[in-house]
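Chains as they are written, first to last, in my numbering: chain A, 1 to 292; chain B, 293 to 468. Virtual Cβ for every residue (Gly too), placed ideally from N, Cα, C.
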């Protein structure tokens with residue numbers, strides 16, 4: 001049953017500074033509310049337990065995509081539609097664009113934001129594996145100042161993050177990459193559109209002088225948090241890519257991930273598909289077929 | 293519940309008319325459209341952003357009106373299914389849905405029409421893949437998808453007798 005609408009507060013500060021002041025003056029009382037594509041679903045099913053929200057949707061300071069020689073920086077309110085239409089993202093970060101195109105339908109993509117997807121902290125979210133594989137960094141902003149943290153350290157447990165109650169996720173920064181890198185993103189869900197993933201893999205690598213280099217492997221939906229699979233990467237790094245090393249990497253991955261049974265899939269299915277996706281990525285890489 | 297009424301005025305434009313909505317900030321756009329403005333063309337299907345029956349345009353972009361709280365609409369321009377026709381003149385998409393039998397039970401139809409109108413504004417010559425992608429967020433419980441796709445083709449290619457199809461697309465119609 002729907003939550004009692006009059007019992008919820010949703011205040012709309014006009015400026016970013018006002019929003020940060022409110023977060024600082026009453027820590028833990030106010031939670032940011034961006035595109036609403038997750039929170040409104042909870043509201044409808046009566047599961048939105050927190051009552052006081054800070055509407056950040058209209059804060060222009062949290063929008064826009066800027067590029068420097070070394071980085072691409074996206075405001076936390078960048079929508080999935082905006083991600084897909086940015087020419088630099090399409091060229092250099094194709095996995096993020098693909099993740100955006102496979103998140104819900106267009107109506108969701110027009111409203112859902114990158115920052116919201118990160119801070120909602122669902123292990124099944126579509127953009128986090130790509131952000132992990134691209135070594136994203138996050139800017140956490142408060143009245144105390146700004147700090148940048150590696151995205152890889154952001155999630156500490158199921159729905160737990162290193163963000164303090166007075167902090168707001170303001171920007172996402174992507175280090176620009178080697179042009180010869182191969183990108184592989186694949187989301188496996190119940191149907192092609194709209195479905196939430198059962199397993200999702202984002203991976204990059206290149207074969208340099210015969211061996212695997214710049215390898216980054218990140219999975220969604222197979223652990224309490226979006227997971228960068230460092231041990232599997234270590235197995236592959238510097239190795240000559242053949243059938244033996246692919247089997248070795250799969251064995252390492254099977255030890256590294258912790259899939260569970262839940263409403264969307266089973267532990268066995270997730271494990272099997274994760275190994276298949278890794279194998280598919282590596283075989284394509286060995287044939288230099290991984291294309292965005 | 294707060295002791296006092298926390299409803300606030302929200303100024304926005306709905307189908308070209310300036311409106312002041314008095315609503316709780318977390319009220320869904322869908323409910324305000326239907327219950328306050330009596331624009332009942334917009335339907336509620338799932339209430340969780342899965343089915344697209346409640347699709348409307350906000351500032352020229354389709355949204356699920358069940359997922360938008362009114363507090364985010366200050367100064368916005370909203371278009372619903374009631375604002376698609378020009379007086380008695382139906383929009384080409386609406387006429388095509390009638391001509392091609394694109395509506396069965398009708399629950400998904402307003403949302404489908406809104407998504408199709410938006411698609412054709414951004415891409416006047418869509419391929420079948422473009423149409424499937426553009427309407428991917430709209431579910432038809434009668435499963436009458438092929439006639440819906442036909443309707444969108446008809447709307448953008450009125451002259452075409454047999455609509456263009458991508459041969460690469462799996463699941464294109466063989467029999468109905």
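- Identification of residues in the stretch 353–365 of chain B having a C-beta nearer than 8 Å to some C-beta of chain A yields 353, 354, 355, 356, 358, 359, 360, 361, 363 and 364, given in sequence order.
- With contacts defined by Cβ atoms closer than 8 Å, residue 407 of chain B and residue 382 of chain B do not form a contacting pair.
- Shown here, residue 409 of chain B sits in a helix according to DSSP, grouped into three states.
- By the rule that beta-carbons nearer than 8 Å mark a contact, residue 158 of chain A does not touch chain B.
- Rounded to the nearest angstrom, the Cβ distance from residue 357 of chain B to residue 320 of chain B is 7 Å, consistent with a contact under 8 Å.
- Taking a beta-carbon distance threshold of 8 Å, residue 6 of chain A counts as an interface residue toward chain B.
- For residue 105 of chain A, a Cβ of chain B is located within less than 8 Å of the residue's own Cβ.
- Any Cβ of chain A closer than 8 Å to the Cβ of residue 347 of chain B would place that residue at the interface, and such an atom is present.
- In the three-state DSSP reduction, residue 250 of chain A falls in the helix class (H, G or I).
- Below 8 Å, too few C-beta pairs join the stretch 248–266 of chain A and the stretch 306–317 of chain B to call them touching: fewer than three.
- Between residue 262 of chain A and residue 78 of chain A, the alpha-carbon positions lie close to 30 Å from each other.
- Nearest CB-CB separation between residue 341 of chain B and chain A: below the 8 Å threshold.
- Burial of residue 38 of chain A is indicated by the presence of at least 16 other C-beta atoms within 10 angstroms of its C-beta.
- Pairing residue 372 of chain B with residue 412 of chain B gives a Cβ-Cβ distance that is not under 8 Å.
- Rounded to whole angstroms, the separation of the alpha carbons of residue 33 of chain A and residue 439 of chain B is 39 Å.
- In summary, the residues of the stretch 317–337 of chain B whose CB is separated from some CB of chain A by less than 9 Å are 317, 318, 319, 320 and 323, in the order they occur in the chain.
- Residue 98 of chain A carries a helical assignment under DSSP once its states are collapsed to helix, strand and coil.
- The C-alpha of residue 274 of chain A is placed about 11 Å away from the C-alpha of residue 202 of chain A.
- Using a Cβ-Cβ cut-off of 8 Å, residue 375 of chain B does not count as an interface residue toward chain A, since no Cβ of chain A sits closer than that to its own.
- Taken through DSSP and simplified to helix, strand or coil, residue 106 of chain A comes out as helix.
- With a 10 Å radius around the Cβ and a threshold of 16 neighbouring Cβ atoms, residue 430 of chain B comes out buried.
- Cβ atoms of residue 225 of chain A and residue 155 of chain A come within 8 Å of each other, at about 4 Å.
- Secondary structure at residue 281 of chain A: helix, using DSSP grouped into helix, strand and coil.
- In this structure, residue 121 of chain A sits away from residue 141 of chain A, with a CB-CB distance that is not shorter than 8 Å.
- Residue nearest to residue 54 of chain A within the set B/423, B/343, B/353 and B/363 is B/363 (criterion: CA-CA distance).
- At least 8 Å separates the beta-carbon of residue 132 of chain A from that of residue 270 of chain A.
- Counting along the chain, the unbroken beta strand (DSSP E) around residue 52 of chain A starts and ends at 52–55.
- Taking the Cα positions, residue 184 of chain A is about 18 Å away from residue 175 of chain A.
- Membership of residue 92 of chain A in any beta strand (DSSP E) is not indicated; the residue belongs instead to the alpha helix (DSSP H) covering 87–92.
- Residue 429 of chain B belongs to the set of residues whose beta carbon lies under 8 Å from a beta carbon in chain A.
- Annotation: residue 443 of chain B has no Cβ neighbours in chain A at a cutoff of 7 Å; minimum Cβ distance is about 18 Å.
- The beta-carbon of residue 12 of chain A is placed less than 8 Å from the nearest beta-carbon of chain B.
- Ranked by how close their Cα comes to the Cα of residue 113 of chain A, the residues A/240, A/186, A/17 and A/172 have A/172 in first place.
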